[in-house]
Amino acid sequence: MSTTEHTAITAPNQFVESKGRRLAYRSIGTGKPIVFCTRFRGNMDVWDPAFLDALAARGFQVITFDYSGLGLSTGEKDYSPFALAKDANDLIEALDLKDVVIGGWSLGGLAAQVVVAMYSERLTHAVLLGTSPPGPNVKLAEQLFYDTASKPVNSFEDEVILFFEPRSQASREAARRSADRIAQRTENRSVPVPADWAAAHIGDKPQNPLFPAEPILQALKTTTLPILHVAGDHDIICPVENWYALNQELPTAQLLTYPRAGHGPQHEHPEATAEHIATFVRSTS
């Protein structure tokens, strides 16, 4: 496993065989491993390089990967958070990582919660980005997400709607900067997730609960693993209000919310989010 001085833009695609399929991943930095599960319709190329590089600069080995059957990974594709969590755990085991921070964005945040509940042996912390807690929600997602996320191809304006705060000029400008950074990787890119297949897994309207996994909620209520959730105050698919509703029930959860921000807070505030994560990991155990 190479951890030479690559950036997120130059990191080579690497592969590891695990349980009958090949998982594709990238790794930058050295230090404490942090493994990120990606979002709906995401692959290794949807992460903002500034966010990943900022984490590497703060002493993390930052690992992103493609789920089974998606991107550059082989195997059967399955968007169940339980299947995605198994991918993450199998990758961690195959690379023999220890003292791991499990991270996840959106759908990947659901997977990361399953990892916490079912595969915590190698973990020290969890970092959740713009995701939903399990169980009933006090605030539903917005129809606008389903109408936008299900398009075969998303324009820049769609991405502003999905991941930023369209009503904020500062957020719009951050969206452009983030998109430009992501576009800098032009070679050895991953394969896009099939849009029709992905759309079939989210339905066409808001659901309550978004993540119907009561056993996972019960696990979060009893875990000793420190959990950080980072969000924008206007997340159209995973409203942050649903985390605050559990304030008295999750004994290890810390909540960080950016004002006038959306579903991709780590892309709008890459350096700040990396610094918050580093401080969280350093100061909790």
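In terms of full-length UniProt numbering, the sequence shown is residues 1 to 285.
C-beta: ideal position from N, C-alpha, C; glycine also.
Because the structure is a prediction, the values reported are computed rather than measured.
(request) With DSSP as the reference, label ARG172 as helix, strand or coil. (result) helix
(request) Please classify SER2: is it buried, with 16 or more other beta-carbons within 10 angstroms of its beta-carbon, or exposed? (result) Here the model assigns SER2 a pLDDT of 44, short of 50, so the residue's position is not dependable and the matter cannot be decided.
(message) Once DSSP output is grouped into helix, strand and coil, what is the label at ALA126?
(response) strand
(message) Once DSSP output is grouped into helix, strand and coil, what is the label at VAL230?
(response) strand
(message) Taking the beta strand (DSSP E) that LYS32 belongs to, which residues open and close that run?
(response) 32-37
(message) Quick check for students: name the residue ranges of the beta strand (DSSP E) that lie wholly in the region 82-106, counting only runs of 3 or more.
(response) 100-105
(request) Under 8 angstroms by Cβ, that's how I've got THR252 and THR224 pegged, so tell me the actual separation to the nearest angstrom. (result) 6 angstroms
(message) Nearest by alpha-carbon distance to PRO209: which of ILE9, THR124, GLY135 and GLY104 is it?
(response) GLY135
(request) Can you tell me which of ASP90, ALA8 and THR124 puts its alpha carbon nearest to the alpha carbon of SER283? (result) THR124
(request) Check GLN61 in the structure and name its three-state DSSP category. (result) strand
(message) Alpha carbons only, please: which of ASP204, LEU228 and ILE34 is nearest the one belonging to ASP147?
(response) ASP204
(request) Ignore the nearest five residues each way along the sequence and tell me which others in GLN266's own chain have a CB closer than 6 angstroms to its CB. (result) PHE51, LEU129 and THR273
(request) Using a threshold of 8 angstroms, state whether the C-beta atoms of MET44 and THR64 are closer than that. (result) yes
(message) Out of GLU268, ILE34 and ALA213, which one is the CA nearest neighbour of ARG177?
(response) GLU268
(request) Provide the residue span of the alpha helix (DSSP H) that contains SER283, from first to last. (result) 270-283
(request) Report the option in VAL116, TYR244 and SER27 whose CA atom is closest to the CA atom of PHE60. (result) SER27
(message) My output table needs one value for PHE211: the three-state DSSP class, helix, strand or coil.
(response) coil
(request) Could you check what DSSP says for TYR244 in three-state terms: helix, strand or coil? (result) helix
(message) Counting beta carbon pairs with one atom in the region 28-36 and one in the region 145-162, are three or more of them shorter than 8 angstroms?
(response) no
(request) Tell me whether THR3 sits in a helix, a strand or coil according to DSSP, three-state version. (result) For THR3, the predicted structure reports a pLDDT of 46, less than 50, and the residue's modelled location is therefore unreliable. A value from the coordinates is still provided. Reduced to three states, the DSSP call for THR3 is coil.
(request) Rounded to whole angstroms, what's the CA-CA distance from TYR67 to LYS77? Just pull it up for me. (result) 7 angstroms
(message) Considering Cα atoms alone, identify which of GLN218, GLU142 and VAL127 is closest to ILE102.
(response) VAL127
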